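No gaps in the numbering here: position 136 of the sequence shown is 136 in the UniProt record's numbering, and each next residue is one more.
A virtual CB, placed ideally from N, CA and C, is assigned to each residue, including glycine.
In this text the structure is predicted, and so the values were computed from the model without any measurement.
Okay, so here's the structure we're looking at.
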Amino acid sequence: MLSSFLLTGLLAIQATAIQFNVSVGRNGLTFEPNEIRAARDDIIEFRFWPRNHSVVAGRFNEACVPAPSGAGFYSGFLPTPADTINPQVFRIRINNSDPIVFYCSQNNGQHCKNGMFGIINPTMGGASTLAGYRQLALQAGNATSPSGGPFGGQFAANPNTVPPAPAATTVTVTASGSAATPTETDGDESSTSGTSTGSAASSTPSGGAVALGAGGSPFAGLVVAGAAALLFV
Ligand SMILES: *[C@@H]1O[C@H](CO)[C@@H](O)[C@H](O)[C@H]1NC(C)=O
Ligand SMILES: *[C@@H]1O[C@H](CO)[C@@H](O)[C@H](O)[C@H]1NC(C)=O
Ligand SMILES: *[C@@H]1O[C@H](CO)[C@@H](O)[C@H](O)[C@H]1NC(C)=O
Ligand SMILES: *[C@@H]1O[C@H](CO)[C@@H](O)[C@H](O)[C@H]1NC(C)=O
Ligand SMILES: [Cu+2]
Numbered sequence: 001m002l003s004s005f006l007l008t009g010l011l012a013i014q015a016t017a018i019q020f021n022v023s024v025g026r027n028g029l030t031f032e033p034n035e036i037r038a039a040r041d042d043i044i045e046f047r048f049w050p051r052n053h054s055v056v057a058g059r060f061n062e063a064c065v066p067a068p069s070g071a072g073f074y075s076g077f078l079p080t081p082a083d084t085i086n087p088q089v090f091r092i093r094i095n096n097s098d099p100i101v102f103y104c105s106q107n108n109g110q111h112c113k114n115g116m117f118g119i120i121n122p123t124m125g126g127a128s129t130l131a132g133y134r135q136l137a138l139q140a141g142n143a144t145s146p147s148g149g150p151f152g153g154q155f156a157a158n159p160n161t162v163p164p165a166p167a168a169t170t171v172t173v174t175a176s177g178s179a180a181t182p183t184e185t186d187g188d189e190s191s192t193s194g195t196s197t198g199s200a201a202s203s204t205p206s207g208g209a210v211a212l213g214a215g216g217s218p219f220a221g222l223v224v225a226g227a228a229a230l231l232f233v
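Printed below as a string of structure tokens:
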């Protein structure tokens with residue numbers, strides 16, 4: 001429907017461009033949303049959360065591997081301290097209605113293999129779906145980052161400078177925070193159950209914002225976020 005609109009309404013393209021905003025690593029090893037229906041000239045803005053993620057345009061027949069011959073885009077890694085969001089966003093422009101798959105190439109925790117990917121303009125079944133890519137990703141080893149620096153997009157200032165207001169779900173949190181202390185010091189997230197609690201704690205600043213507002217203690221923020229992560233699991 002979108003493509004027929006574009007075919008019949010070329011004059012309307014400029015007026016209808018949309019900016020989609022994708023949270024990178026906000027809730028564990030995730031892109032949110034991870035399915036986007038975008039049209040030519042739309043912008044996808046990737047906003048980076050702790051700890052150290054990237055976004056790479058991939059290929060559908062081989063998971064966690066960059067698109068052939070430098071096509072697509074690569075943000076590079078954007079290390080982001082706990083309880084912050086990265087001051088920079090990475091924006092790409094959509095050139096056509098072809099499906100695009102993207103993934104995070106962080107291998108400390110094998111983010112791609114563990115589900116950190118998304119699709120722009122997925123097909124209804126067939127090869128270009130999240131389910132299809134997931135099957136390949138589960139069998140993948142380490143992800144590949146393109147050689148060299150970022151390409152295929154532009155950096156801009158993040159419109160959000162502090163973690164935004166928390167979601168309402170955090171009201172159910174209780175004081176079961178003993179497992180919430182982050183165990184990593186290397187700046188990367190891990191997929192193992194023991195450390196994913198820690199990474200989830202550090203990558204859920206919305207939960208932290210609740211406790212920071214209520215109790216004023218960064219530690220309380222981690223506890224609440226970690227407990228929220230436990231509930232989420
Ligand atoms: C993306 O964020 C901008 C503000 O930075 C907002 O104007 C826009 O509506 C958002 N896009 C969507 C699809 O929500
Ligand atoms: C995968 O990446 C991790 C983290 O960079 C590294 O320690 C490990 O050696 C890599 N494994 C292989 C098979 O390259
Ligand atoms: C759109 O085209 C530009 C210019 O050729 C390119 O740099 C960019 O990577 C393309 N966008 C996507 C999403 O592939
Ligand atoms: C971010 O991750 C990349 C890839 O693993 C690594 O090379 C880089 O040193 C990391 N940066 C920080 C600050 O942890
Ligand atoms: Cu990642």
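| query | result |
| --- | --- |
| Pull up the DSSP beta-bridge partners for residue 24, would you. | 31, 48 |
| Starting from residue 58 and walking both ways along the beta strand (DSSP E), at which residues does that stretch end? | 56-59 |
| Would you mind reading off the limits of the beta strand (DSSP E) that contains residue 93? | 88-93 |
| Any Cβ of chain B within less than 7 angstroms of the Cβ of residue 29? | Judged by its chain identifiers, the structure shown contains no chain B, having just a single protein chain. |
| Please list the terminal residues of the continuous beta strand (DSSP E) segment that includes residue 103. | 100-103 |
| Can you find the residues in the same chain that come closer than 7 angstroms, C-beta to C-beta, to residue 178, ignoring five residues on each side of it along the sequence? | Annotation note: pLDDT 41 at residue 178 (below 50); position unreliable, no value reported. |
| For ligand 7, which residues count as neighbours when the test is a C-beta closer than 7 angstroms to any heavy atom? | This structure simply doesn't include ligand 7; it includes ligand 1, ligand 2, ligand 3, ligand 4 and ligand 5 instead. |
| What is the DSSP secondary structure of residue 137, reduced to helix, strand or coil? | helix |
| Under the rule that 16 or more other beta-carbon atoms within 10 Å means buried, what is residue 33, buried or exposed? | exposed |
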